[in-house]
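Heads up: the structure comes next, in structure tokens.
Residue numbers (our numbering): 6 to 258.
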């Protein structure tokens with residue numbers, strides 16, 4: 006059955022919900038849907054209290070290390086960590102309390118996928134502690150992985166063949182649909198359907214979920230094989246589309 010996976014997105018040390026496609030290294034800052042007054046640790050403690058497993062903490066750029074460690078300390082072993090993770094620091098984040106590390110950009114040399122880097126990471130921490138993030142954008146070829154906070158398209162498309170190729174090196178996949186991330190305009194149903202039809206490893210989908218009906222749609226389209234994150238539409242993040250307690254109840258069915 007599809008499960009709700011919680012998230013803590015960090016930007017400039019604060020818990021935020023932003024429109025994913027507006028992240029840039031230059032120019033104006035991203036469009037923010039929500040900036041929390043509560044710290045990352047408070048959200049992590051709430052997820053721990055309510056038994057929400059498999060959630061992720063994503064560091065969107067620099068200045069988020071302390072907030073990330075606060076969240077991991079609040080629920081040691083209960084959250085995954087992503088953002089700026091590589092072979093040199095992955096073990097440090099696991100020691101800080103992360104259950105697994107989530108990696109995208111470091112798996113690419115320039116914009117080309119590097120098997121050598123994947124092997125180095127797996128040799129360092131083991132495939133069972135690695136989640137490969139294939140966050141992607143719509144392109145002429147379907148969906149193409151985008152790195153560097155979803156700014157740079159790579160040479161890797163998200164296809165069943167790609168998932169088959171990478172599955173031996175990881176425990177799960179996390180896939181943000183960057184074009185709909187933060188817009189609360191509905192999920193990318195075609196992407197969810199493709200991921201559900203593959204189902205060779207646990208997969209969590211993120212992007213566009215606006216209501217409990219979208220969670221139900223993920224379950225229907227994926228045959229219950231893909232989990233889902235809800236961000237900007239969630240009441241604890243200032244949204245009006247779905248209540249947090251509804252999703253806690255959904256997971257307890």
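C-beta atoms are modelled at their ideal positions from N, C-alpha and C, and glycine is treated no differently.
For residue i: DSSP bridge partner residues
i           : result
residue 242 : Paired residue(s): none; residue 242 is not in a bridge.
residue 144 : 147
residue 181 : 211
residue 23  : 37
Under the three-state DSSP convention, the category residue i falls into
i           : result
residue 13  : strand
residue 44  : coil
residue 192 : coil
residue 234 : strand
residue 159 : strand
residue 176 : coil
residue 60  : strand
residue 206 : coil
residue 186 : coil
residue 7   : coil
residue 18  : coil
residue 68  : coil
Short Cβ contact (8 Å threshold) for residue i with residue j
i           : j           : result
residue 209 : residue 232 : yes
residue 152 : residue 116 : yes
residue 92  : residue 139 : no
residue 215 : residue 175 : no
residue 136 : residue 163 : no
residue 168 : residue 142 : no
residue 53  : residue 83  : yes
Residue interval of the beta strand (DSSP E) (run including residue i)
i           : result
residue 153 : Here residue 153 belongs to no beta strand (DSSP E), and DSSP marks it neither H nor E.
residue 135 : 135 to 138
Residue i, enclosing alpha helix (DSSP H) - first and last residue
i           : result
residue 167 : 165 to 171
residue 220 : 217 to 227
residue 250 : 249 to 256
Run through the stretch 72 to 119 for me and flag every whole beta strand (DSSP E) of 3 or more residues, listed as ranges in chain order.
-> 84 to 87, 106 to 108
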